[in-house]
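Working notes, beginning with the structure itself.
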Amino acid sequence: MSVDYRALSYEGLWKNNPALVQLLGLCPLLAVTGSVVNALGLGLATLVVLVGSNLTVSLFRHQVPEAVRLPIFVMIIAAFVTAIELLMQALTYELYLILGIFIPLIVTNCAIMGRADAFASKNPVSAAVTDGFMMGLGFAIVLVLLGGLREALGAGTLFSNMHLLLGAWAQDWEIVLVEGYRGFLFAALPPGAFVGLGLLIALKNLIDRRLHARKQPDSSAQSASSKRVRVTG
Amino acid sequence: MAMIHLSSPHVAKANSTARVMQLVFLATLPALLAQTLFFGWGSLIQVLLACSLGLVFEALSLWLRKRPIIFFLKDGSALVTGILLGLALPPMAPWWVITVGMFSAIVIAKHLYGGLGNNPFNPAMIAYALLLISFPLEMTRWNSPFVLLGEGWAVPDFAQTLSFIFFSLEPALLDAYTGATPLEALRNRGALTTEEVWRQSAVLSEGVFAWYGVSAAWLMGGIFLIYRKIITWHVPFALLITLFVLSGLFYAGDPSSFADPFLHLGVGATMMGAFFIATDPVSCATSNRGKLIFGIGLGVLIYVIRTWGNYPDAVAFAVLLMNLAAPFIDQYTQPRSYGHTRARKGLKGD
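These protein sequence lines are chains P and D, in that order. Residue numbering for the first sequence follows UniProt numbering, beginning at 1 and increasing consecutively. Residue numbering for the second sequence follows UniProt numbering, beginning at 1 and increasing consecutively.
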């Protein structure tokens, strides 16, 4: 069976994006996207867990009995999350302290469980890994976009404290957008995350509609908003 | 009793949104007058600024949404939002505060939800809560009433107020004209008892009647609205009575740690909230029984948040929370329709 990598990438990055379309994993998405560095840290951690869990689930897909598959998936995911947590403690301890409870909570991210159950347990390894990578990347990109938006609005900076994640060479990446910015606390607090995510989803739907209208110029009246695809119960 | 007998049909002239908004506008005039009288020109400038910004943002959103611009601008709802927000803000807040506020009220709280009639929350209160959370310093710098500023009518004059609002000049001078509001004085009293803070704090012992004056003006406007049947009595009276009884009970139990009930009714945004904010026909409960529950909930929330919460005044937060509950209240207070033995409760019946 050949694997259509292009279709998998398009699904993960755009059409079935975990954050913008499936609306999965909203808890970490909304909680830690106060700045680019936090968002990128959590996005990368989720990406690694997603690839790892998809790989493992796909490898063992013929051995796992149907009735107990969910507990087994949870244990596989938890094992990867534990590994990531220990890695972050060792390598990026300050960021680990900032992200706090949301690192262990990656276990409960429905996007990961959803991909394990809906895709990896039914597909060969190469497809499962590609799917995990693309879904994780789609999730991480939205996380970073939202983090950037909220950091710019909330604090007037971009890429501050990037050295917490990337080491000393990222020390002076910080861009101050507005000198003497007073700060807009709303954007930095969770309500700002909800509004920001809503705006990003609206933007995606708008682009989809424009693309659709361009494809079929005569049927511009019909709505082409993307449908939410449920992959978990 | 009406002595002139008219034969049917007794058709009254239909109320348009524009007419309702005109009457609400008229009813806010006493409060605008009182606030200008007691606190200086700031409120008037804020209201004018808020109204013009409201019209601009409304026109912009309508244009983006491809709706008829003039038709919706004429309903005046943006003006009423502007007046209410302008009067709720500190009179000498800088211009960008009200700009952010009107943007979030009109664009985010109203048009992103589908325009007037579809907004689940009161736009002016969304803006107020957002501003209070985002700019705590600017939002708590309320003018001192004129009695505390030395002899005579010592409120800052018109030109000075303009320079405070638009150029943020001389913040040190601004401090001379601002002070704690009564609710803040009570909140930040430290270990003092209510009686002690009342004696020591000038804003309570001398200045509090300025707030009572503004509240009386709101009350007048509110009674006018009830008289013209723009609003019903249910929400305001349920709110005021609940707040009065609740604060009265606590005050009777321990007068040195709780504020007296008249203070709760007379200062802060109680009267404005009760008659002008909570009665918003879009975001309030619908049936009369529902409105009573809505008002009682507001009264309880205002008292609880004022007394034990983090912010000195609570009307905006209470209104937003009860707006959230309004659909739920509506579902369980749906009146019995004629011919049915009992009310249909939610999804149960068919």
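Just so it is clear, CB atoms sit at the ideal spot from N, CA and C, and this is done for glycine as well.
Residues in its own chain within less than 8 Å of Ile-69 of chain D by CB, not counting five upstream and five downstream? Ala-59, Leu-62, Trp-63
Per the contact definition of three or more C-beta pairs closer than 8 Å, is the stretch 127-135 of chain D in contact with the stretch 96-115 of chain D? Verdict: yes, contact present.
Using a Cβ-Cβ cutoff of 7 Å, what residues of the stretch 126-146 of chain D are near chain P? List them in chain order. Leu-130, Ile-133, Ser-134
Contact list for the stretch 215-231 of chain D against chain P, Cβ threshold 7 Å: none
For the alpha helix (DSSP H) containing Arg-306 of chain D, list its first residue and its last residue. 288-308
Which residue wins for smallest C-alpha separation from Met-125 of chain D, given the options D:Ile-108, D:Ala-31, D:Leu-48? D:Ile-108
From the beta carbon of Val-195 of chain P, is the nearest beta carbon of chain D less than 8 Å away? Answer yes: the Cβ-Cβ gap between Val-195 of chain P and chain D drops below 8 Å somewhere.
Can you check whether the C-beta of Ile-108 of chain D is within less than 8 Å of a C-beta belonging to chain B? Protein chains P and D are contained in the structure displayed, whereas chain B is not.
Can you tell me which of P:Val-37, P:Gly-25, P:Leu-44, P:Tyr-5 puts its alpha carbon nearest to the alpha carbon of Cys-110 of chain P? P:Gly-25
Looking at the structure shown, is Gly-138 of chain P part of a helix, part of a strand, or coil, going by DSSP? In this structure, Gly-138 of chain P counts as helix in the three-state DSSP scheme.
Please report how far the alpha carbon of Val-97 of chain D lies from the alpha carbon of Val-107 of chain P, in whole angstroms. Answer to the nearest angstrom: the Cα atoms are 42 Å apart.
Kindly say whether Leu-189 of chain P, judged by its beta-carbon, lies nearer than 8 Å to any beta-carbon of chain D. yes
Taking CB distances under 8 Å as the criterion, tell me whether Ala-221 of chain P reaches chain D. Note that Ala-221 of chain P scores a pLDDT of 48, beneath 50, so its modelled location is shaky and nothing firm can be said.
Determine which residues of the stretch 107-131 of chain P have a Cβ less than 8 Å from any Cβ of chain D, and write them out in chain order. none
Nearest candidate by alpha-carbon position, reference Pro-18 of chain P, set P:Ile-141, P:Ile-72, P:Val-74, P:Pro-65: P:Ile-141
Taking one C-beta from the stretch 31-50 of chain D and one from the stretch 80-92 of chain D each time, how about it: are there three or more such pairs within less than 8 Å? yes
Does the distance from the CB of Ala-34 of chain D to the CB of Gly-213 of chain D come in under 8 Å? yes
Cβ pair Ala-152 of chain P, Leu-145 of chain P closer than 8 Å: no
Please report how far the alpha carbon of Gly-241 of chain D lies from the alpha carbon of Ser-16 of chain D, in whole angstroms. The question names Gly, but residue 241 of chain D is Ile in the sequence shown. Roughly 31 Å separates the two Cα atoms.
Could you pull the start and end residues of the alpha helix (DSSP H) that Pro-123 of chain D belongs to? It spans 123-134 - the alpha helix (DSSP H) in which Pro-123 of chain D sits, taken as one unbroken run.
Between the stretch 167-187 of chain P and chain D, which residues of the former have CB atoms less than 9 Å from a CB of the latter, in chain order? Arg-182, Gly-183, Phe-184, Leu-185, Phe-186, Ala-187
Could you tell me which uninterrupted alpha helix (DSSP H) segments, each at least 4 residues in length, are contained entirely in the stretch 8-94 of chain D, listed from first to last along the chain? 17-39, 42-64, 69-73, 77-88
May I have the straight-line CA-CA distance separating Gly-266 of chain D from Gly-273 of chain D, to the nearest angstrom? 12 Å
Looking at the structure shown, is Gly-207 of chain D part of a helix, part of a strand, or coil, going by DSSP? The answer is coil: DSSP assigns Gly-207 of chain D none of H, G, I, E or B.
Taking Ile-223 of chain D as the reference, give the member of D:Ala-238, D:Met-92, D:Phe-275 with the closest Cα. D:Phe-275
Just to confirm, are Leu-183 of chain D and Gly-268 of chain D a CB contact at a threshold of 8 Å? yes
With a CB to CB cut of under 8 Å and the five nearest residues on each side skipped, what residues in its chain are close to Phe-88 of chain P? Reading off the sequence shown, one finds Met at residue 88 of chain P, where the question assumed Phe. So the qualifying residues of the chain are Gly-41, Ala-45, Leu-95, Tyr-96, Leu-99, Ile-103.
Say whether the stretch 191-207 of chain P touches the stretch 173-181 of chain P, bearing in mind that this needs 3 or more beta-carbon pairs closer than 8 Å, one atom from each stretch. no
What are the residues that DSSP puts in a beta bridge with Ile-175 of chain P? P:Leu-158
Taking buried to mean at least 16 other C-beta atoms within 10 Å of its own C-beta, is Asn-16 of chain P buried or exposed? buried
In chain order, each beta strand (DSSP E) run of at least 3 residues that lies wholly inside the stretch 74-105 of chain P: none
Cutting at 8 Å between CB atoms, please list the residues of its own chain near Val-129 of chain P, excluding the five before and the five after it. Val-51, Asn-54, Leu-55, Ser-58
Just checking my contact of Leu-185 of chain P with Gly-154 of chain P at CB under 8 Å: how many whole Å lie between their CB atoms? 7 Å
Just to confirm my understanding: we take Ser-215 of chain D, look at its own chain, exclude 5 residues before and 5 after, and list those with CB closer than 6 Å. What are they? Correct list, in chain order: Gly-266, Met-271.
So what does DSSP say about Gly-12 of chain P, is it helix, strand or coil? helix
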